[in-house]
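**Student:**
In my numbering, the protein residues as written are 10 to 393.
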């Protein structure tokens, strides 16, 4: 990797500038660019970072990254945690970086967190001249939907405690990963990669090009009914709620889903938060069929929330998915929220009424989309 590559632009910013701005948005203190090149140091100063002069040995092509990190912490004795960001990964999300830093302490203390992406590719290898499958059995080829794939280290960022770095390590057996989108894991090693990155940046701003794989990489939510109902007199259902992103499984009641939905409606009054399925219906409210339908609807609702570009990073959602007992403060609705929307949606309504309401809201969304498309075309014509 030549110095010239680092000054190439993705979306109008150099790779160094993008890394510095990402670190700043993530709320990192003491943003430092480690380099032995004066132009890189000037670029760091231009965007508000502090340049750190690397020695000849740590800046050589044969030196591993850990040498440069150890050299830096030797001059920064007050540092407790180091976040190493690779400038050649231009699509690091500052929201993901903030969540990864929190993950260092939550749900349990880790020594390091690093970026990884999930791969579903089947790998082979030659052993003594014979082609052997490496991550599957040839007689039982897995389908994509039947296995969880493999986690591939991207090198985009490493978050490590100083005690671990002093041992000459960035990772150990008390590590965890922060799973990122495959598109966000692009690493630039050549000018061809730069062209791909600029094209990808255009595509990432177009919601119509977001694929199912992109959404699945955000999180995979599972909601399952607890086999036995709880309660001494009034029996109620509970659910096992699992998050692949956080690696947690907690137990939740329906009322806790309602509480989380109320919190979102109060905190994000101008975002479309989906309605929850009804708590009960007039006919067959306690039947196994209804309970399974409600479970599936709760899973769909929580999946939409966990994959939302803003709500997915909310602290209350993380508490809901990770804490054994979610204690969310009941929000005070602001004046622009329609009163009683959630209470009315969870009352006793018939299935026919639910279906009619669903069809009506689908039509409203279709009309809104047509209006937005029309405005977009008018805006495009105005730019030409």
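Every residue, glycine too, gets a C-beta built ideally from N, C-alpha and C. In this text the structure is predicted, and so the values were computed from the model without any measurement.
Along the chain, where does the beta strand (DSSP E) containing residue 406 start, and where does it finish?
**Tutor:** Nothing can be reported for residue 406, as the shown portion of the chain is limited to 10 through 393.
**Student:** Please classify residue 107: does DSSP put it in a helix, a strand, or coil?
**Tutor:** Taking the first residue of the chain shown as position 1, residue 107 is located at position 98. DSSP places residue 107 in helix when its eight states are reduced to three.
**Student:** Note down the Cα distance separating residue 176 from residue 119, rounded to an integer number of angstroms.
**Tutor:** For the purposes of this step, residue 176 is identified with residue 167 of the chain shown, where counting begins at 1. For the purposes of this step, residue 119 is identified with residue 110 of the chain shown, where counting begins at 1. Rounded to the nearest angstrom, the two C-alpha atoms are 16 Å apart.
**Student:** Whose C-alpha, out of 100, 44, 379, is nearest the C-alpha of residue 78?
**Tutor:** Residue mapping note: residue 78 aligns to position 69 of the chain shown, counting from 1. Of the listed residues, the one whose Cα sits closest to residue 78 is 44.
**Student:** Would you say residue 287 and residue 363 are within 8 Å of each other, going by their C-beta atoms?
**Tutor:** For the purposes of this step, residue 287 is taken as residue 278 along the chain shown, with counting starting at 1. For the purposes of this step, residue 363 is taken as residue 354 along the chain shown, with counting starting at 1. Cβ atoms of residue 287 and residue 363: closer than 8 Å.
**Student:** On the criterion of 16 or more Cβ atoms from any shown chain inside 10 Å, does residue 141 qualify as buried, or is it exposed?
**Tutor:** In the chain shown, counting from the first residue as 1, residue 141 sits at position 132. Result: exposed.
**Student:** Would you kindly work out how many angstroms separate the C-alpha atoms of residue 88 and residue 82, rounded to a whole number?
**Tutor:** Position 79 of the chain shown holds residue 88. Position 73 of the chain shown holds residue 82. Using only the alpha carbons, I get a separation of about 7 Å.
**Student:** Taking the straight line between their C-alpha atoms, what separation do you get for residue 258 and residue 73?
**Tutor:** Locating residue 258 in the chain shown gives position 249, counting from the first residue. Locating residue 73 in the chain shown gives position 64, counting from the first residue. About 37 Å.
**Student:** Quick check on the DSSP output: the alpha helix (DSSP H) that includes residue 28 runs from which residue to which?
**Tutor:** For the purposes of this step, residue 28 is taken as the residue at position 19 of the chain shown. Segment 24-34, the alpha helix (DSSP H) holding residue 28.
**Student:** To the nearest angstrom, report how far apart residue 18 and residue 31 are at their CA atoms.
**Tutor:** In the chain shown, the residue the question calls residue 18 occupies position 9. In the chain shown, the residue the question calls residue 31 occupies position 22. Those two C-alpha atoms are separated by around 15 Å.
**Student:** According to DSSP, is residue 282 helix, strand or coil?
**Tutor:** Within the chain shown, the letter at position 273 stands for residue 282. Looking at residue 282 - three-state DSSP - the assignment turns out to be coil, as it is neither helix nor strand.
**Student:** How is the alpha helix (DSSP H) around residue 139 delimited, first residue to last?
**Tutor:** In the chain shown, the residue the question calls residue 139 occupies position 130. Not the alpha helix (DSSP H): residue 139 falls in the beta strand (DSSP E), residues 139-142.
**Student:** If we call anything under 8 Å between Cβ atoms a contact, is residue 235 one with residue 311?
**Tutor:** Reading the chain shown from its first residue, position 226 is the one you call residue 235. Reading the chain shown from its first residue, position 302 is the one you call residue 311. With contacts defined as CB atoms closer than 8 Å, residue 235 and residue 311 fail to qualify as a contacting pair.
**Student:** Please classify residue 27 as buried or exposed, where buried requires at least 16 other C-beta atoms within 10 Å of its C-beta.
**Tutor:** Locating residue 27 in the chain shown gives position 18, where the first residue counts as 1. Buried.
**Student:** So what's residue 255 in DSSP terms, helix, strand or just coil?
**Tutor:** The sequence position of residue 255 within the chain shown is 246, counting from 1. Residue 255 falls in the coil class under three-state DSSP.
**Student:** What distance in whole Å lies between the Cβ atoms of residue 329 and residue 269, which are believed to be in contact at a cut-off of 8 Å?
**Tutor:** Here the question's residue 269 lines up with position 260 in the chain shown. Here the question's residue 329 lines up with position 320 in the chain shown. At roughly 5 Å, the Cβ-Cβ gap stays under 8 Å, so residue 269 and residue 329 are in contact.
**Student:** Can you tell me where the alpha helix (DSSP H) holding residue 334 begins and where it ends?
**Tutor:** By 1-based counting over the chain shown, the position of residue 334 is 325. It is not in any alpha helix (DSSP H) - residue 334 carries neither H nor E in the DSSP assignment.
**Student:** In the DSSP output, what is residue 231 paired with across the bridge?
**Tutor:** In the chain shown, counting from the first residue as 1, residue 231 sits at position 222. 251.
**Student:** Flag this pair as yes or no: are the beta carbons of residue 132 and residue 158 separated by less than 8 Å?
**Tutor:** For this step, residue 132 is matched to residue 123 along the chain shown. For this step, residue 158 is matched to residue 149 along the chain shown. Not closer than 8 Å, so no.
**Student:** Tell me which residue opens and which closes the alpha helix (DSSP H) that residue 264 is part of.
**Tutor:** By 1-based counting over the chain shown, the position of residue 264 is 255. Run containing residue 264: 263-276, per the alpha helix (DSSP H) assignment.
**Student:** Quick one: is residue 238 buried, meaning 16 or more other Cβ sit within 10 Å of its Cβ, or exposed?
**Tutor:** Your numbering for residue 238 matches position 229 in the chain shown. Exposed: under 16 other Cβ atoms inside 10 Å.
**Student:** Hey, residue 226 and residue 166: beta-carbon distance below 8 Å or not?
**Tutor:** Stepping through the chain shown from its first residue, residue 226 is reached at position 217. Stepping through the chain shown from its first residue, residue 166 is reached at position 157. No, the pair does not count as a contact, with Cβ atoms beyond the cut-off.
**Student:** Bridge partners of residue 146, per DSSP?
**Tutor:** Taking the first residue of the chain shown as position 1, residue 146 is located at position 137. DSSP, once it has assigned bridges, lists 149 as partnering residue 146.
**Student:** Roughly how many angstroms separate the alpha carbons of residue 295 and residue 306, rounded to a whole number?
**Tutor:** Position 286 of the chain shown, counting from 1, holds the residue named residue 295. Position 297 of the chain shown, counting from 1, holds the residue named residue 306. Rounded to whole angstroms, residue 295 to residue 306 spans 16 Å at the Cα level.
**Student:** Could you spell out the range, first to last residue, of the beta strand (DSSP E) harbouring residue 295?
**Tutor:** Taking the chain shown and counting its residues from 1, the one referred to as residue 295 is at position 286. Counting along the chain, residue 295 falls outside any beta strand (DSSP E), and DSSP gives it neither H nor E.
**Student:** With DSSP run on the structure shown, which of helix, strand or coil describes residue 354?
**Tutor:** Along the chain shown, read from residue 1 onward, the residue named residue 354 stands at position 345. For residue 354, the predicted structure reports a pLDDT of 47, less than 50, and the residue's modelled location is therefore unreliable. The matter cannot be settled from this model.
**Student:** May I ask you to verify whether the stretch 193-202 touches the stretch 92-100, counting CB pairs closer than 8 Å and requiring at least 3?
**Tutor:** Contact between the stretch 193-202 and the stretch 92-100 is present: 3 or more CB-CB pairs across the two stretches fall below 8 Å.
**Student:** Rounding to the nearest angstrom, what Cα-Cα distance links residue 143 and residue 266 in this structure?
**Tutor:** Within the chain shown, the letter at position 134 stands for residue 143. Within the chain shown, the letter at position 257 stands for residue 266. Going from the Cα of residue 143 to the Cα of residue 266 covers about 42 Å.
**Student:** Please determine, among 147, 94, 155, the residue with the shortest C-alpha to C-alpha distance to residue 169.
**Tutor:** By 1-based counting over the chain shown, the position of residue 169 is 160. For residue 169, the closest of 147, 94, 155 by C-alpha to C-alpha distance is 94.
**Student:** What is the DSSP secondary structure of residue 93, reduced to helix, strand or coil?
**Tutor:** Residue mapping note: residue 93 aligns to position 84 of the chain shown, counting from 1. It is a strand residue.
**Student:** Rounded C-beta distance between residue 322 and residue 104? I'm assuming under 8 Å.
**Tutor:** Walking along the chain shown from the start, residue 322 turns up at place 313. Walking along the chain shown from the start, residue 104 turns up at place 95. Indeed, because the Cβ distance is near 5 Å, the residues count as touching under 8 Å.
**Student:** Could you check which residue in 55, 90, 278, 41 has the C-alpha nearest to that of residue 62?
**Tutor:** Indexing the chain shown from 1 puts residue 62 at position 53. Answer by Cα proximity: 41.
**Student:** Indicate the three-state DSSP secondary structure (helix, strand or coil) for residue 197 in the structure shown.
**Tutor:** For this step, residue 197 is matched to residue 188 along the chain shown. DSSP places residue 197 outside both helix and strand once states are collapsed to three, so it counts as coil.
**Student:** Helix or strand or just coil, what does DSSP make of residue 169?
**Tutor:** Walking along the chain shown from the start, residue 169 turns up at place 160. Residue state, collapsed to three classes: strand.
**Student:** In whole angstroms, what is the alpha-carbon distance linking residue 308 and residue 274?
**Tutor:** Sequence index remark: in the chain shown, residue 308 carries index 299 (1-based). Sequence index remark: in the chain shown, residue 274 carries index 265 (1-based). In this structure, the straight-line span from the alpha carbon of residue 308 to that of residue 274 is close to 19 Å.
**Student:** Who are the near neighbours of residue 75 in its chain, counting only those whose CB is closer than 8 Å to its CB and skipping five residues on each side?
**Tutor:** Mapped onto the chain shown, residue 75 falls at position 66. Here the set comprises 174, 177, 178, 179.
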